[in-house]
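J.:
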Amino acid sequence: MKVERTDFVSVPVTDLERSTRFYEGTLRLEKLPGGGSWPEFQLGENVSLYLIDLKDLGREFTEPHSAYIALRVPDVEETRSELEGKGIEFQGKTLDTGFCHMAFFHDPDGNSLMLHRRYAPHE
Numbered sequence: 090m091k092v093e094r095t096d097f098v099s100v101p102v103t104d105l106e107r108s109t110r111f112y113e114g115t116l117r118l119e120k121l122p123g124g125g126s127w128p129e130f131q132l133g134e135n136v137s138l139y140l141i142d143l144k145d146l147g148r149e150f151t152e153p154h155s156a157y158i159a160l161r162v163p164d165v166e167e168t169r170s171e172l173e174g175k176g177i178e179f180q181g182k183t184l185d186t187g188f189c190h191m192a193f194f195h196d197p198d199g200n201s202l203m204l205h206r207r208y209a210p211h212e
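According to the working numbering, the sequence shown is numbered sequentially starting from 90.
#1: According to DSSP, is residue 181 helix, strand or coil?
#2: Enumerate in chain order the residues of its own chain whose CB-to-CB distance from residue 156 is below 8 Å, with the five nearest sequence positions on each side excluded.
#3: Can residue 198 and residue 128 be called in contact, C-beta distance under 9 Å?
#4: Tell me the rounded alpha-carbon separation between residue 132 and residue 114.
#5: Apply the 10 Å Cβ neighbour rule to residue 209 and answer buried if 16 or more other Cβ atoms are within range, or exposed otherwise.
#6: Kindly indicate which residue of 206, 196, 205 and 203 has the alpha-carbon position closest to the one of residue 106.
#7: Using DSSP's beta-bridge definition, name the partner residues of residue 166.
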């Protein structure tokens, strides 16, 4: 299989209005026009994030999405401080892996998010 790129990520939520306020207001992601009943936000040039109310698919929200969505930011510490000022709680300290910085947090439904910035190539 040849994957060309990731087009979108879908995130299950329990309250579309609350989650829209979080992703658009708190995280300041650009909300795209259209999208129907599922709000869509731009993540970089070619990837978007959809908020999905699972009830629309005939399913119940049973637990948050546990795979981290890495949001590339210019400066992890600066962005972390900005979000902490808006009441976002982070899990642990910012990690420095030797090639990137990462800071972990959750959206209002407990879905896993990460601030990320690579500063060196993989060895």
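Heads up, the beta-carbon is just placed ideally off N, CA and C, and yes, glycines get one too.
T.: This is what the structure gives:
#1: DSSP places residue 181 in strand when its eight states are reduced to three.
#2: Here residue 156 has 201 as same chain residues with Cβ atoms under 8 Å from its own Cβ, once five neighbours each way along the sequence are excluded.
#3: A distance of 9 Å or more separates the beta carbons of residue 198 and residue 128.
#4: The alpha-carbon separation between residue 132 and residue 114 amounts to approximately 15 Å.
#5: Residue 209 comes out exposed.
#6: That would be 196, whose Cα lies nearest to the Cα of residue 106.
#7: Residue 166 is not bridged to any residue.
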